[in-house]
Amino acid sequence: MDKNSTLYQLMGMRMNGIMNGITEQDEDYQALLQEVDKCSGSLESLHLPEETMKLIDRYVSEYNAIGSRYGMLAYMLGFSDCRELLLDPARPGKEALADGLL
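Counting from 0, one number per residue, gives the positions in the sequence shown under numbering that gives the first Met the number 0.
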């Protein structure tokens, strides 16, 4: 995917500039953060070896990266779908959206 595309740049602006405010106000997001904090506290109380804690941290970080990337792709797909609907209305027999995102 072209990281210099208009869609990619727009996503970056929206995600980095506006999402923080949205997540601060979202009750579900805040509840999830509280659950993460509880789990983190429980994990720390186990006093696991540093190597084990680093492995767990790396695992969680990589898993979060997957979720984050999935969200980015879903955002861009939704935006691309809207673009397609507005600029290239459905034609009979058309089954899929055009290849590529903006």
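Beta carbons: idealized from backbone N, C-alpha and C, even for Gly.
Could you give the distance in angstroms between the alpha-carbon of residue i and the alpha-carbon of residue j?
i, j, result
"residue 16", "residue 22", "11 Å"
"residue 58", "residue 82", "36 Å"
"residue 70", "residue 49", "31 Å"
"residue 9", "residue 27", "25 Å"
"residue 72", "residue 80", "12 Å"
"residue 43", "residue 77", "39 Å"
"residue 34", "residue 75", "29 Å"
"residue 51", "residue 87", "53 Å"
"residue 39", "residue 46", "12 Å"
"residue 24", "residue 18", "10 Å"
Could you check where the alpha helix (DSSP H) with residue i kicks off and where it finishes?
i, result
"residue 55", "49-86"
"residue 15", "5-16"
message: Quick check on the DSSP output: what are the complete alpha helix (DSSP H) runs of length 4 or more inside the segment 21-47, in order along the chain?
response: 26-44, all fully within the segment 21-47.
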